[in-house]
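Since the structure comes first, as structure tokens, the remarks are kept for the end.
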Amino acid sequence: MSASAHRSSTVLEIAAAGLCCAVGYHLGAASCALRANMDHFQDSHFVTDTGAAIKVAPLPDTDCWGSERVARWAALAIEDCLRAQHGFDAARTALLMLAPEPERPDMAASPYAAIITLTARQLDLRFHGSSRILPLGRAGLAAALGLTFELLDGGAVEQVLLVGADSLLNTAAIEHYLRDERLMVPGNRDGFLPGEAAGAVLLRRHSPAAGRGALLIGGWSEGSESGRPDGSVPSRGQGLTAAVRAACARAGVAPDALQFRLGDQNGEVFFAKEAANAFTRLMARGAMPEQLTLADKLGEIGSATGPAALAWLSELMPRADTRPGTLGVVHLANDDGLRCAVVLHQT
351 MSASAHRSST VLEIAAAGLC CAVGYHLGAA SCALRANMDH FQDSHFVTDT GAAIKVAPLP
411 DTDCWGSERV ARWAALAIED CLRAQHGFDA ARTALLMLAP EPERPDMAAS PYAAIITLTA
471 RQLDLRFHGS SRILPLGRAG LAAALGLTFE LLDGGAVEQV LLVGADSLLN TAAIEHYLRD
531 ERLMVPGNRD GFLPGEAAGA VLLRRHSPAA GRGALLIGGW SEGSESGRPD GSVPSRGQGL
591 TAAVRAACAR AGVAPDALQF RLGDQNGEVF FAKEAANAFT RLMARGAMPE QLTLADKLGE
651 IGSATGPAAL AWLSELMPRA DTRPGTLGVV HLANDDGLRC AVVLHQT
């Protein structure tokens, strides 16, 4: 098999996408708001030790919290994704739900078993038995795509519904990040604003016979970084550099050909510096790619970041008047040092 034929056989195609976030309950509305740099940041009932209100990026519903709240966002994102999928067969579809790392303080009760059950119940759908929860955090996107390819390659399912749903609007998470001085509050500009969202993408194996206009995921990879956000170990950006290089190699493109990057920079200097260092190293021979972000509009949305990024790009890239380019990378980072990169290409 030729190298080009091998690459085409391992490419995934985004067939449909959905998004539910603070600036829109569906992808079309959210995309317009994101392009206009709108946000929904507002004072919350959470306060600092001095009594100052903590700004958050919430969805407006106030009648449910906890697992039920996250399940509602997941169900809305999935409904949005499947809106035009007539004849959708859930029995031939695996549902993979990206969840936060189990080490996160608000994950002590392992709520995602209930969340995925509540989501399926709200949708009245029964997915394939290979469906599962992936508690891998933001940077688990590459592993989720790897599992997606394995499921599709094995022939057990026709498509995979990859969902990320998360909310940091709970007392355990807020208190933890406030104690670690990682929230953007009066007196600390080196921090993030908590948010909540759900993103969904319907993935299939790409057929070389398909027509033009498809959004393809051609490569994905992981890296490991020794640096830590608390500053105990500085980051040199080596894990992210390795992840991007490997993802580009799998996609058959040179890193300096990337036209844009969509990262998870959330306001914390640590991650911004790391990404800047990595791409300065990667782009030594070419122009720096355009930088896109979601957190400046949606806040920190945790494990929903990757699927939300893919969903937004599926809306932007097919249109000449909105696309940031036809070749780009999504890069994500976890607090524990895991890094990932995903290369996308518009045909």
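So for the sequence shown, the numbering used here puts the first residue at 351; every next one is plus one. Note that CB positions come from ideal geometry on N, CA and C, so glycine has one too.
- Asn-616 and Gly-487 have their C-alpha atoms spaced approximately 15 Å apart.
- Counting only the Cα atoms, Ser-517 lies some 25 Å from Trp-570.
- Residue environment for Ala-658: buried (at least 16 other C-beta atoms within 10 angstroms of its C-beta).
- Between Gly-649 and Ala-403, the C-beta gap is not smaller than 8 Å, which leaves the two residues out of contact.
- Here Val-420 has Ile-465, Ala-515, Ser-517 as same chain residues with Cβ atoms under 6 Å from its own Cβ, once five neighbours each way along the sequence are excluded.
- For Asp-516, the enclosing beta strand (DSSP E) covers residues 509-517.
- Nearest to Phe-499 by alpha-carbon distance, out of Val-680, Gly-675, Leu-362, Glu-640, is Leu-362.
- With a cutoff of 8 Å on beta-carbon distance, Pro-544 and Val-406 are scored as near each other.
- Taking 8 Å as the cut-off, the beta carbon of Leu-553 is found closer than this to the beta carbon of Ala-365.
- With the rule of 3 Cβ pairs closer than 8 Å, the stretch 526-533 does not count as touching the stretch 655-669.
- Contact check for Phe-477 against Ala-444 passes: the beta carbons are separated by less than 8 Å.
- Nearest Cα to Val-619 within the set Asp-540, Leu-409, Trp-423: Asp-540.
- The Cβ atoms of Gly-549 and Ala-628 do not sit closer than 8 Å to each other.
- Proximity to Thr-697 across Thr-672, Leu-566, Ala-599 peaks at Leu-566, based on C-alpha coordinates.
- Taken in chain order, the unbroken stretches of beta strand (DSSP E) that lie wholly in the stretch 384-435 and span 3 residues or more are 392-397, 403-406.
- At least 8 Å separates the beta-carbon of Ala-622 from that of Val-679.
- In the three-state scheme derived from DSSP, where H, G and I count as helix and E and B as strand, Asn-627 is classed as helix.
- Looking at the DSSP output, Glu-546 bridges to Ser-517.
- Between Ala-593 and Cys-690, the C-beta spacing is below 8 Å.
- Annotation: Asp-439 to Gly-416 spans about 29 Å, alpha carbon to alpha carbon.
- Around the beta carbon of Asn-520, a 10 Å sphere encloses 16 or more other beta carbons of the protein chains shown; the residue is thus reported as buried.
- Scanning Thr-400, Val-692, Ala-379, Asn-684 for the CA closest to the CA of Gly-537 turns up Thr-400.
- Put simply, the backbone Cα of Glu-525 is about 22 Å away from that of Asp-411.
- Assignment of Met-633 by DSSP, reduced to helix, strand and coil, places it in the coil class.
- DSSP places Val-583 outside both helix and strand once states are collapsed to three, so it counts as coil.
- In this structure, DSSP gives Glu-572 an extended state, which the three-state scheme calls strand.
- With a cutoff of 8 Å on beta-carbon distance, Phe-610 and Leu-642 are scored as near each other.
- In summary, Cys-414 is exposed, with fewer than 16 beta-carbon neighbours lying within 10 Å of its beta-carbon over all protein chains present.
- In this structure, DSSP gives Thr-643 an extended state, which the three-state scheme calls strand.
- Per the DSSP secondary-structure output, Asn-538 pairs in a beta bridge with Val-535.
- Its chain contains Ala-421, Ala-424, Ala-425 as the residues whose beta carbon lies nearer than 6 Å to that of Thr-469, once the 5 sequence neighbours on both sides are disregarded; these appear in chain order.
- Counting along the chain, no beta strand (DSSP E) covers Glu-451, and no H or E run does either.
- Collapsing the DSSP output to three states places Gln-696 in a strand.
- Its chain contains Leu-468 as the residues whose beta carbon lies nearer than 8 Å to that of Glu-418, once the 5 sequence neighbours on both sides are disregarded; these appear in chain order.
- In the DSSP assignment, Gly-374 forms a beta bridge with Cys-371.
- For Ile-483, the enclosing beta strand (DSSP E) starts and ends at 482-484.
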